[in-house]
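Going left to right, the sequence shown walks through residues 3 to 137 as the working numbering numbers them. Each residue gets a CB set at the ideal place from its N, CA and C atoms; glycine is no exception. Quick caveat, the model's predicted, so the values are computed rather than measured. One structure is given here, and the rest of the page talks about it.
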Amino acid sequence: MLSTNIKLTSPQEILSFLKKINPRRATGPDSIPNKALQQIPTNVITFITKIFNKCLLCTYFPTIWKTAHVLMFPKPRQNRKLPGNYRPISLLSNIGKIFEKIILSRLKEECHDLSIIPNEQVLGQAMAAFINCLG
Numbered sequence: 003m004l005s006t007n008i009k010l011t012s013p014q015e016i017l018s019f020l021k022k023i024n025p026r027r028a029t030g031p032d033s034i035p036n037k038a039l040q041q042i043p044t045n046v047i048t049f050i051t052k053i054f055n056k057c058l059l060c061t062y063f064p065t066i067w068k069t070a071h072v073l074m075f076p077k078p079r080q081n082r083k084l085p086g087n088y089r090p091i092s093l094l095s096n097i098g099k100i101f102e103k104i105i106l107s108r109l110k111e112e113c114h115d116l117s118i119i120p121n122e123q124v125l126g127q128a129m130a131a132f133i134n135c136l137g
């Protein structure tokens, strides 16, 4: 069973995720660009940390961060008059994406600590090499 003592986040952890995001990615419904997130002052990072920690403690993911703008792009070399020849792209809140990364890091840590993922399952895990699957 997963632990109920979830590790809270810190301004340093949020800053580390912000450094890794692509500043040129499109914005979601909140219209906050990644470039702006990467340049926010420390007091705002502290405020975001408090919001994230409250969400973690309450096991709550704000609905606004789940809302997406969906854009339809035509498939290459397909008839644009047919609706099935378009692919949807969902643009989500960039703040919500940072929170998702924090949750994912907690899940990975918990799975590792509880040995939930078998040793044979190496693909998709950090520091796992494809060559390990062959041996």
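Rounded straight-line distance, which links the Cα of residue j to that of residue i
i, j, result
"I91", "I8", "32 Å"
"L4", "I118", "Caution is warranted here: a pLDDT of 46 is assigned to L4, below 50, making its placement in the model unreliable, and the coordinate value is therefore given only provisionally. Each residue's alpha carbon lies about 10 Å from the other."
"Q14", "I23", "15 Å"
"I2", "P85", "Nothing in the structure corresponds to residue 2, since the chain is present only between 3 and 137."
"M46", "F63", "Rather than Met, the amino acid found at residue 46 in this sequence is Val. If you take the alpha carbons of V46 and F63, they lie about 19 Å apart."
"P43", "T51", "13 Å"
"F19", "I34", "16 Å"
"T65", "K83", "34 Å"
"N121", "D115", "13 Å"
"S95", "D32", "6 Å"
Of the listed residues the options, nearest to residue i (C-alpha basis)
i, options, result
"W67", "L116, L93, S107 and L109", "L93"
"V72", "N36, A28, Q40 and L10", "A28"
"R89", "F101, D32 and M74", "M74"
"I105", "P120, K21 and C57", "C57"
"Q41", "N81, P31, I16 and K103", "I16"
"A38", "T69, Q80 and R26", "R26"
"T48", "R108, S107, K110 and T11", "T11"
Simplified DSSP assignment, three categories, for residue i
i, result
"F75", "strand"
"S107", "helix"
"S18", "helix"
"I99", "Checking the displayed sequence, the identity of residue 99 turns out to be Lys instead of Ile. In this structure, K99 counts as helix in the three-state DSSP scheme."
"N7", "coil"
Endpoints, the alpha helix (DSSP H) within which residue i is located
i, result
"N121", "No alpha helix (DSSP H) contains N121, which DSSP labels as neither H nor E."
Inside the segment 21–94 only - beta strand (DSSP E) runs reaching at least 3 residues
71–76 and 88–93
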